[in-house]
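Here the structure comes first, spelled out in structure tokens, and everything after it is commentary.
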Amino acid sequence: MSTQKLSKTLKKNLPSNAASPSNQEIAEKISETLISSGLKPLQTVPSLLSSLNSHITHLVLSNPHVQPRSCLSFFNFLRRNESFTSQKLDLRAHVTLISRLYGSRKFAEMKNILNCVVTDDNLRCPVSIIVSLIEDGCNEPKFVDKLCDMLMRVYADNRMFEEAVGVFDYMEKNGFEIEERSCFVLLLAFKRCDQVESCFGFFRRMVESGIEITVYSMTSVINGLCKRGEVERGRELMGEMVDRGIKPNVITYNTFVNAYGERKDFVGVNEILSLMEKDQVAYNVATYTILIECYASSGKIEEAERFFEEMNNKGIKADVHVYTSIISWNCRLGNMKRAFALFDELTERGLVPNVHTYGALINNVCKAGQMEAAEMLVNEMQSKGLDLNQVIFNTLMDGYCKRGMMDEALRLQVVMEKKGLETDVFTYSIIASGLCKLNRHEEAKRMLFTMVERGVAPNTVTLTTLIDIYCKEGNFEEAKRVFSEMEKGEKPNTVTYNALIYGYSKKGKMKEAHRLKDEMEDKGILPDTYTYTSLIHGESVYGKVDEALKLFDEMSRKGLVQTVVTYTAMISGLSREGRSDEAFRLYDEMKKSGLTPDDRVYYSLVSGLH
DNA sequence: ACGATAATCG
Numbered sequence: 000m001s002t003q004k005l006s007k008t009l010k011k012n013l014p015s016n017a018a019s020p021s022n023q024e025i026a027e028k029i030s031e032t033l034i035s036s037g038l039k040p041l042q043t044v045p046s047l048l049s050s051l052n053s054h055i056t057h058l059v060l061s062n063p064h065v066q067p068r069s070c071l072s073f074f075n076f077l078r079r080n081e082s083f084t085s086q087k088l089d090l091r092a093h094v095t096l097i098s099r100l101y102g103s104r105k106f107a108e109m110k111n112i113l114n115c116v117v118t119d120d121n122l123r124c125p126v127s128i129i130v131s132l133i134e135d136g137c138n139e140p141k142f143v144d145k146l147c148d149m150l151m152r153v154y155a156d157n158r159m160f161e162e163a164v165g166v167f168d169y170m171e172k173n174g175f176e177i178e179e180r181s182c183f184v185l186l187l188a189f190k191r192c193d194q195v196e197s198c199f200g201f202f203r204r205m206v207e208s209g210i211e212i213t214v215y216s217m218t219s220v221i222n223g224l225c226k227r228g229e230v231e232r233g234r235e236l237m238g239e240m241v242d243r244g245i246k247p248n249v250i251t252y253n254t255f256v257n258a259y260g261e262r263k264d265f266v267g268v269n270e271i272l273s274l275m276e277k278d279q280v281a282y283n284v285a286t287y288t289i290l291i292e293c294y295a296s297s298g299k300i301e302e303a304e305r306f307f308e309e310m311n312n313k314g315i316k317a318d319v320h321v322y323t324s325i326i327s328w329n330c331r332l333g334n335m336k337r338a339f340a341l342f343d344e345l346t347e348r349g350l351v352p353n354v355h356t357y358g359a360l361i362n363n364v365c366k367a368g369q370m371e372a373a374e375m376l377v378n379e380m381q382s383k384g385l386d387l388n389q390v391i392f393n394t395l396m397d398g399y400c401k402r403g404m405m406d407e408a409l410r411l412q413v414v415m416e417k418k419g420l421e422t423d424v425f426t427y428s429i430i431a432s433g434l435c436k437l438n439r440h441e442e443a444k445r446m447l448f449t450m451v452e453r454g455v456a457p458n459t460v461t462l463t464t465l466i467d468i469y470c471k472e473g474n475f476e477e478a479k480r481v482f483s484e485m486e487k488g489e490k491p492n493t494v495t496y497n498a499l500i501y502g503y504s505k506k507g508k509m510k511e512a513h514r515l516k517d518e519m520e521d522k523g524i525l526p527d528t529y530t531y532t533s534l535i536h537g538e539s540v541y542g543k544v545d546e547a548l549k550l551f552d553e554m555s556r557k558g559l560v561q562t563v564v565t566y567t568a569m570i571s572g573l574s575r576e577g578r579s580d581e582a583f584r585l586y587d588e589m590k591k592s593g594l595t596p597d598d599r600v601y602y603s604l605v606s607g608l609h
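So the first sequence is numbered by numbering that gives the first Met the number 0: it starts at 0 and just counts up by one.
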């Protein structure tokens, strides 16, 4: 109904009379006040609002003489004082205001009001109802399209996916113009909530309904698929879209390089790189970051450095991401000197290190047990106005735990909680394993039980830590119970198996230890250096040294690196059996491979000579 | 729309 029609009707039905002014008259009065002096008089002399009703509100809001901005302040005033005016703003008031705001292109404000509608249980309703409230006289032809479009976005922002798709259905059915940009927002929302399948499905619908797809939408769907490890499906989608004329760009390609890089599929990585060359898509700084990650994480730091150099030579501007990455990898591979040189270089180039950058350095000095250096970095970071976050706190606590400084770690936990940062699943794991290392098993277990009581869901690492504690206590019953429960939810990994295998090997229960190794291999969970070292240790002490030697050779065949611990176990086994020649041969081999023998090795060798 | 920091095993 138009304003004119409405006012005519009101005038006919409610003739004005001095004792009780009509709705129309009150609305006029309020409007005049708003126009001449704004909101103030209504706030100070609120008598005008004593007989307010939804009709009057509507009349004021739709009065073309009242500026949209004044309508908005009036609306907000009523909303703030809903109890006082005993008037709840109804859906029509919202729609009317939105329409006024659209008239003056106040899109952000429109969106705010729509957000109020969809988040209010009393206002939320199907899109068709909202549309039906739009005045016939609204002479903005695209208003309905715009309103629906915005509604879809607002639903997406609120993760109300069914409703968002409902708006899409409605717009499609009624032939409204759907903006790709809004669909894109919905795709991103799906992705953020890990609803990759819905994201993919909705993208399909976009394609079917003839919306002009952009490379942005395509890339975000592909990225969702890749993040779930479905790289092949991503490739298929890209192929299909290329046939439809959509050109992938550097970001699309980066997504694939990253996905292949994460699974160490160098064939895949190179395939994408040559596709980029063929399409003449130049690398950007993110491409280099991904390549550096990919090579460095395979232990090829020289190659990673070469990419970093190539990037600089090509004049591609380094940013704080790529610096953080290369700094982090140099740290992890023990090149602390190079890491700090890069850190200086970053600053010299006018870039600003952030929490990630400091996090990489702090993490690595903590791992090396250099807590004094870590504290210096923390101070430097704070002096630059960067606040400690949860990751840094956890990192520091882990550092203190590794040095056995439990009191320091627990003190930090208190500081962290005082700062309003939650003790999360990482914190609990760190403290529990720290306590476990000091043989404070009861406290360690209590820590993990507290975690569950506080509603923090345990993950594979937490449960592995718990299994480790039970194994160290020799309580294999409980260890096995937790382990079998893991089959249902958080799946065991190599470390989980290692904890059990270590426990059994240490107690000489070699049959069970070997059975577990077979089981993990059957499941495709790869034994690593730790698995073998535990077994070798067990066989050397309790079993057959020849069995240990077999495992030792198996490691070499599988390309697993033996550590000082592995050698020590092997050497002590051989010495114990009086096979000194073989023991000394291994000792030489160990030194040749660059390992520094520790006291235990000497002890074994010497004791074997007796 | 892509890329960087945290946890377990003598």
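For every residue, glycine included, the Cβ atom is placed at its ideal position computed from N, Cα and C.
Asked, Found
"Cβ contact (3+ pairs, closer than 8 Å) linking the region 264-272 and the region 303-310", "no"
"Given 8 Å, three or more beta-carbon pairs between the region 184-203 and the region 147-156", "yes"
"Assigned exposure category for GLN279 - 16 Cβ within 10 Å defines buried", "exposed"
"Simplified DSSP state of VAL600, which is helix, strand or coil", "helix"
"N- and C-terminal bounds of the alpha helix (DSSP H) containing MET623", "This structure gives no information on residue 623, because the portion of the chain shown stretches from 0 to 609."
"Cut-off 7 Å between Cβ atoms - residues of its own chain near MET380, not counting five sequence neighbours on either side", "TYR357"
"Member of GLY542, THR346, PHE201 and VAL390 whose CA lies at the smallest distance from the CA of LYS628", "The structure shown has nothing for residue 628, since the chain only spans 0 to 609."
"Nearest neighbour of CYS365, chosen from ASN52, PHE342, LEU395 and MET375 [CA to CA]", "LEU395"
"Where GLY260 sits in the DSSP three-state scheme", "helix"
"6 Å CB neighbourhood of THR254 in its chain, flanking five on each side removed", "ILE221, ASN222 and CYS225"
"CB-CB length for ASN22 against ASN52, believed under 8 Å", "7 Å"
"Cβ contact (3+ pairs, closer than 8 Å) linking the region 283-301 and the region 319-330", "yes"
"Selection from THR493, SER574, VAL460 and SER72 that minimises the alpha carbon distance to PRO40", "SER72"
"Distance between ILE97 and CYS124 (C-alpha atoms, nearest Å)", "16 Å"
"Complete alpha helix (DSSP H) runs within the region 356-414 (minimum length 4 residues, chain order)", "370-382 and 389-401"
"Contact under 8 Å by Cβ, LEU499 with LEU525", "no"
"First and last residue of the uninterrupted alpha helix (DSSP H) at SER533", "528-540"
"Residue interval of the alpha helix (DSSP H) (run including CYS198)", "195-207"
"Beta-carbon proximity check, TYR531 vs MET509, cutoff 8 Å", "no"
"6 Å Cβ shell around LEU420 - same chain, five flanking residues per side excluded", "GLN389"
"Closer than 7 Å: LEU113 CB and nearest the ligand PLP heavy atom", "Ligands are entirely absent from the displayed structure, and the ligand PLP is therefore not among its contents."
"Cβ shell of HIS54 (< 6 Å), same chain only, five flanking positions each side left out", "ASN22"
"Element boundaries [alpha helix (DSSP H), containing PRO67]", "67-79"
"Boundaries of the alpha helix (DSSP H) in which CYS293 is found, first to last residue", "284-295"
"Beta-carbon proximity list for GLY37, same chain, < 8 Å, skipping 5 on both sides", "SER69 and SER72"
"3-residue-minimum beta strand (DSSP E) runs that sit fully inside the region 418-500, ordered along the chain", "none"
"Reduced DSSP secondary structure (H/G/I, E/B, other) of ASN334", "coil"
"CYS198 vs PHE175 beta-carbon contact at 8 Å", "no"
"Beta-carbon contacts of MET109 that lie in its chain and below 7 Å, excluding the five residues immediately before and after", "ILE97, LEU100, TYR101 and MET149"
"Inter-residue Cα distance where the pair is TYR586 and VAL494", "28 Å"
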